[in-house]
Amino acid sequence: MLVAHTRAMTTPRFVQLHREDSAALRLELAQGLLGEPASVSPKFLYDALGSRLFDAITELPEYYPTRVERALFTRHAGTMAAIAGRGRTLIDLGAGNCEKAARLFDVLAPLRYVAVDISVDYLRESLASLQRQYPGIEMVGVGADFSAALTLPPEAGRGERLLFYPGSSIGNFTPIDALRFLRQVRAVAGPGGALLIGVDLVKPKPILELAYDDPLKVTAAFNLNLLRRLNAMLGCDARIEDFEHVALFNEPESRIEMHLQARRALTLRWVGGERALAAGERIHTENSYKYTVDGFDRLLRDSGFARTTHWIDDEQGFAVFLATA
Ligand code: AVJ
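What follows is the structure, given as structure tokens:
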């Protein structure tokens with residue numbers, strides 16, 4: 004009996020909520036390319052190579068968010084746990100390798116860990132090895148595209164919830180969509196629920212632009228890799244050499260923009276469509292919004308959270324907010 008119980012507890016469960024529909028993804032890519040301006044959603048940045056390039060970005064001295072956020076979690080985890088409460092269901096949105104959440108396990112002592120990512124397959128290995136390290140935490144892997152709508156399967160359970168959304172991933176949403184998303188987060192958190200979220204802050208333009216256009220050109224490779232993705236998914240004929248990585252801080256919009264800029268006049272052709280680009284014309288590939296502390300605090304309250312606490316580093320480059328329902 005005891006053996007059976009232990010074995011059941013140490014096996015993560017996996018649930019795939021939505022199936023990736025490759026026809027729909029191809030349509031989305033084609034529509035983006037035909038748009039004015041042409042665009043490709045940043046979600047296409049993360050294929051196998053793109054995910055590795057992003058991991059490499061987080062090691063760059065110029066890309067401060069990952070490092071600064073980690074330091075904030077290390078330094079203030081005790082206080083965060085005191086406010087959020089131990090023994091909750093920790094719901095990790097965009098878990099990937101589950102590394103960031105795992106670092107908080109000892110201090111947060113969650114009863115259950117629900118790792119959500121676009122594909123449940125990304126989660127299998129990391130969750131299985133984490134489960135061996137933490138046999139006492141019930142683990143569930145969920146494959147879901149929560150950017151469209153945030154819904155959780157019954158396996159997420161009914162315990163008090165702490166949602167975890169680190170890395171300033173919220174920056175990929177426009178402020179309007181961020182509000183819509185955070186309202187859903189607030190609803191999913193439920194009464195007594197909380198949200199722990201990392202947010203990149205507005206800072207001088209040169210620092211921001213260097214973080215997204217590093218001299219080693221890792222971010223350029225990360226962005227240009229989208230062209231390989233277009234070629235693979237659409238049967239497109241894009242040549243990497245024809246494009247240049249551009250990252251700029253759009254101050255009025257308070258966002259870093261990434262673009263792929265055509266080095267010469269060219270036409271992209273794919274199965275079922277084509278798009279002419281003039282020399283210097285750009286394909287918009289990512290927005291990364293930067294907030295002020297007050298601005299993000301307001302956003303959390305507008306989303307329905309009653310109380311907020313935040314921590315920032317000495318340079319005031321990055322903030323971690325804890326919002327309670
Ligand atoms: C994963 C969306 C938070 O916006 O900083 C890093 C992605 N793009 N370098 C960010 C990214 C270029 C990153 N997020």
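Be aware that the sequence shown starts at 4, since it is given in this note's numbering, and climbs by one per residue.
By construction, the Cβ of each residue, glycine as well, lies at the ideal position given by its N, Cα and C atoms.
Bear in mind that the values here come from a model prediction, so they are computed numbers and not experimental data.
Consult DSSP for Arg94 and reduce its assignment to one of helix, strand or coil.
According to the sequence provided, residue 94 is Ile. The question's Arg does not apply to it. Looking at Ile94 - three-state DSSP - the assignment turns out to be strand.
My understanding is that Ile140 touches Phe324, with C-beta atoms under 8 Å, so please give their C-beta distance in whole angstroms.
Incorrect: roughly 24 Å between the Cβ atoms, too far for contact.
Could you pull the DSSP bridge partners for Tyr292 from this structure?
Per DSSP, Arg258.
Use the C-beta contact count for Ser132: other C-beta atoms within 10 angstroms, 16 or more gives buried, fewer gives exposed.
exposed
DSSP three-state call for Leu153: helix, strand or coil?
coil
Taking only the alpha-carbon atoms, compute the straight-line gap between Leu198 and Val119 and give it to the nearest angstrom.
Leu198 and Val119 have their C-alpha atoms some 15 Å from each other.
Here's a check: name, in chain order, each residue in its chain whose Cβ is nearer than 6 Å to the Cβ of Val18, leaving out the five neighbours to either side.
Val145, Pro156 and Glu158
Going by C-alpha to C-alpha distance, which of Cys101, Gln264, Ala80 and Ile94 sits closest to Asp109?
Ala80
Could you name the residues of the same chain whose beta carbon sits closer than 7 Å to that of Ala192, not counting the 5 residues immediately before and after it, in chain order?
Only Arg164, Leu166, Leu198 and Ala328 meet the Cβ criterion.
Express the C-alpha separation of Asp24 and Asp124 in angstroms, rounding to a whole number.
15 Å
Kindly examine the ligand AVJ and report whether one of its heavy atoms sits closer than 7 Å to the Cβ of Ile60.
Yes - the ligand AVJ has a heavy atom lying nearer than 7 Å to the Cβ of Ile60.
According to DSSP, is Val274 part of a helix, a strand, or is it coil?
coil
Who are the Cβ neighbours of Asp148 in its own chain at under 7 Å, not counting the five residues just before and after it?
His21 and Ile121
Report all residues from its chain with a CB closer than 7 Å to the CB of Leu219; omit the five preceding and five following residues, and keep chain order.
For Leu219, where only same-chain residues beyond five positions count, the Cβ hits under 7 Å are Leu63.
Mind reading off the beta-carbon distance from Thr92 to Gly162? Whole number of angstroms is fine, and I expect it under 8 Å.
4 Å
Whole angstroms is fine: what's the gap from Leu30's alpha carbon to Arg285's?
Pairing Leu30 with Arg285, the inter-Cα distance amounts to about 20 Å.
For chain D, check one thing: does any of its Cβ atoms lie closer than 8 Å to the Cβ of Arg135?
Reference to chain D is not applicable here, since this structure consists of a single protein chain.
Rounded to the nearest angstrom, what separates Leu269 and Gly283 at their Cα positions?
Between Leu269 and Gly283, the C-alpha separation is close to 10 Å.
Taking the alpha carbon of Tyr292 as the reference point, which residue from Lys206, Gln264 and Ala326 has its own alpha carbon closest?
Lys206
When burial is assigned at 16 or more other CB atoms within 10 Å of the CB, is Arg232 buried or exposed?
buried
Are three or more beta carbon pairs between the stretch 305 to 313 and the stretch 273 to 281 nearer than 8 Å?
no
Suppose contacts are defined by Cβ-Cβ distances below 8 Å. Is Arg258 in contact with Asn226 by that definition?
no
Which partner residues of Asp148 appear in the DSSP bridge assignment?
The partner list for Asp148 (beta bridge, DSSP) is empty, contrary to what the question assumes.
Ordered along the chain, which non-local residues of its own chain (more than five positions away) have a Cβ less than 7 Å from that of Leu130?
Around Leu130: Pro15, Cys101, Ala118, Met142 and Gly144.
Give the straight-line distance between the Cα atoms of Ser306 and Leu185, rounded to the nearest whole angstrom.
6 Å
Only counting the same chain, and skipping five residues up and downstream in sequence, which positions put a Cβ closer than 8 Å to that of Ile86?
Ala197, Thr312, Leu325 and Thr327
Within 10 angstroms of its Cβ, does Asp300 collect 16 or more other Cβ (buried), or is it exposed?
buried
Put Val2 into one of helix, strand or coil per three-state DSSP.
In the structure displayed, the chain extends from 4 to 328; residue 2 sits before or after that span and is not available.
Evaluate Ala281 with the Cβ neighbour count: other Cβ atoms within 10 Å of its Cβ, from every protein chain shown; 16 or more gives buried, anything less gives exposed.
exposed
Could you check the C-alpha separation between Leu229 and Ala51 for me, to the nearest Å?
Their Cα atoms are separated by approximately 12 Å.
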